[in-house]
Amino acid sequence: MSLQITSHPPAAAAGRGSRPGGRPRGRLSYRGRQARAAWLFLTPSLVVLTVFVVYPMIQAGYLSFTSYNLVQAAQWVGLGNYRHMLHDPQVWNALRNTLVYAAVSTPVSVLLALALALFLNRAMALRGFLRSAVFLPFVVSLGVVSIAWSFLLDPDIGLLSDWLSHLGVTTQQGYLQDPSTAMAAVIAVGVWKNVGFYMIMYLAGLQSIPGELYDAARADGANAWQRLRNVTWPLLANQTMLITIMAAIGTLQAFDQIYVMTHGGPFFQTETLVMFTYRIGFENNQFGYAAAVSWVLLLLVFALSMVQFTYFRKRVVTF
4 MSLQITSHPP
14 AAAAGRGSRP
24 GGRPRGRLSY
34 RGRQARAAWL
44 FLTPSLVVLT
54 VFVVYPMIQA
64 GYLSFTSYNL
74 VQAAQWVGLG
84 NYRHMLHDPQ
94 VWNALRNTLV
104 YAAVSTPVSV
114 LLALALALFL
124 NRAMALRGFL
134 RSAVFLPFVV
144 SLGVVSIAWS
154 FLLDPDIGLL
164 SDWLSHLGVT
174 TQQGYLQDPS
184 TAMAAVIAVG
194 VWKNVGFYMI
204 MYLAGLQSIP
214 GELYDAARAD
224 GANAWQRLRN
234 VTWPLLANQT
244 MLITIMAAIG
254 TLQAFDQIYV
264 MTHGGPFFQT
274 ETLVMFTYRI
284 GFENNQFGYA
294 AAVSWVLLLL
304 VFALSMVQFT
314 YFRKRVVTF
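Last residue of the sequence shown: number 322 in the working numbering, and the count goes up by one each step with no gaps.
Dropping the structure here:
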């Protein structure tokens with residue numbers, strides 16, 4: 004009489020529902036559970052983003068190929084709106100104003116924010132108060148700021164206009180009504196409103212730079228300018244990239260401040276592309292044409308953002 008012993012493979016012994024490694028079939032790994040939790044947290048934001056951003060963009064893209072005025076059904080015109088845009092002097096005027104506003108406001112805001120951050124990062128009396136005073140305009144409603152500055156720059160009752168007149172800087176029509184000064188006044192208010200927020204971002208970057216780097220630079224005999232150029236500025240590349248992209252996007256979409264202060268005037272000298280889109284859409288009922296202009300602005304913002312991102316990505320420093 005012989006005894007036979009039969010051996011079974013480990014997988015079979017663990018059961019038909021098990022996977023190699025001992026993890027029961029149907030149970031997610033640690034990374035899988037993390038991914039599922041991440042998607043659960045992201046789902047509400049993705050739903051809101053889809054409903055209020057992606058869908059309106061797609062709808063605007065369709066309307067840009069139609070003639071639509073809210074009363075009659077949309078009529079398909081193909082590329083008619085885009086061809087009309089190429090020969091519309093109002094579009095080119097609004098594009099010029101938008102680029103001027105962005106080209107002046109963005110670098111001025113970045114450089115002024117960096118200068119204020121360097122100044123207020125030092126030990127000094129009333130440092131906390133000065134930081135709060137610079138940051139305060141950012142938390143105030145842009146509509147309130149615009150109304151207040153409209154009064155300050157009023158040629159008859161404006162306090163700032165009176166002070167400037169004592170310095171010999173005068174204008175008969177008022178700074179917001181004079182075509183030669185309106186854009187400069189609007190840019191100045193926009194910079195004053197946002198520079199505090201950018202300064203806070205630069206302050207965070209400055210306080211993250213190790214002090215040993217400055218000690219080593221001083222030991223090598225570097226003066227203040229050399230430390231700023233060779234230590235501070237390269238290590239603030241991340242903040243500079245983020246601030247520049249945010250400032251450029253914000254200035255290209257400037258609307259509410261200009262709408263309150265000048266309504267695009269005088270003589271369309273401060274009318275930006277967003278204001279032009281609003282005027283032809285909600286005042287002239289040319290929603291198809293307005294959608295085409297808005298898509299051109301979207302592509303312009305995307306292209307400039309990619310250029311900035313590509314330029315600054317090569318200069319990002321990690322330490």
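Ideal Cβ positions, reconstructed from N, Cα and C, are used throughout, including at glycine.
Quick caveat, the model's predicted, so the values are computed rather than measured.
*Assuming Ala257 contacts Val277 under a Cβ cut-off of 8 Å, what Cβ separation, rounded to an integer in Å, is found between them?*
7 Å between Cβ atoms; contact.
*Alpha-carbon spacing of Thr275 relative to Ser135, whole angstroms*: Between Thr275 and Ser135, the C-alpha separation is close to 31 Å.
*Hey, Thr247 and Gln176 are a contact pair by Cβ (cut 8 Å); roughly how many whole angstroms apart?*
Thr247 to Gln176, Cβ: 34 Å. No contact.
*In the DSSP assignment, what residue or residues form a beta bridge with Leu78?*
The sequence given here has Gln at residue 78, not Leu. In DSSP, Gln78 forms a bridge with Ser70.
*Same chain, Cβ closer than 8 Å to Pro12, five either side skipped, listed in chain order*: Note that Pro12 scores a pLDDT of 47, beneath 50, so its modelled location is shaky; the value from the coordinates is reported in the next line. So the list is empty, once near-sequence residues are dropped.
*Cβ neighbours of Tyr217 in the same chain (closer than 8 Å, five flanking residues each side left out)*: The answer, listed in chain order, is Arg230, Val234.
_Status (buried if at least 16 other CB within 10 Å, exposed otherwise) for Ser164_ = Under this definition Ser164 is a buried residue.
_Limits of the unbroken alpha helix (DSSP H) element including Lys317_ = Looking at the DSSP string, Lys317 is not in any alpha helix (DSSP H), and its letter there is neither H nor E.
_Between which residues of its own chain and Ile212 is the CB-CB distance below 6 Å, once the five residues before and five after are set aside?_
Once the five neighbours on either side are set aside, the close Cβ partners of Ile212 are Leu238.
*Would Tyr281 pass as a contact of Ala293 if the rule is Cβ separation under 9 Å?*
Ala293 sits close to Tyr281, with the two beta carbons spaced by under 9 Å.
*Thr69 beta carbon less than 9 Å from that of Val80*: For Val80 and Thr69, yes; Cβs fall inside 9 Å.
_On the DSSP letters alone, give me the boundaries of the alpha helix (DSSP H) that Phe271 sits inside._
No alpha helix (DSSP H) contains Phe271, which DSSP labels as neither H nor E.
*asked:* I need the DSSP call for Asp223, collapsed to helix, strand or coil.
replied: Coil.
*Please report how far the alpha carbon of Leu114 lies from the alpha carbon of Leu245, in whole angstroms.*
Whole-angstrom Cα-Cα distance: 14 Å.
*Backbone CA spacing between Lys317 and Leu66 [nearest angstrom]*: Lys317 and Leu66: Cα-Cα distance of roughly 39 Å.
*Taking the continuous alpha helix (DSSP H) assigned at Val192, which residues delimit it?*
Unbroken alpha helix (DSSP H) run through Val192: 185-210.
*Along the chain, where does the alpha helix (DSSP H) that runs through Pro140 open and close?*
Looking at the DSSP string, the run of the alpha helix (DSSP H) that includes Pro140 is 130-142.
*Roughly how many whole angstroms lie between the Cα atoms of Ala219 and Leu209?*
Just so you know, the alpha carbons of Ala219 and Leu209 end up roughly 17 Å apart.
_On the DSSP letters alone, give me the boundaries of the alpha helix (DSSP H) that His169 sits inside._
That run of the alpha helix (DSSP H) goes 162-169.
*Helix or strand or just coil, what does DSSP make of Arg232?*
Look at Arg232 here: in three-state DSSP terms it is helix.
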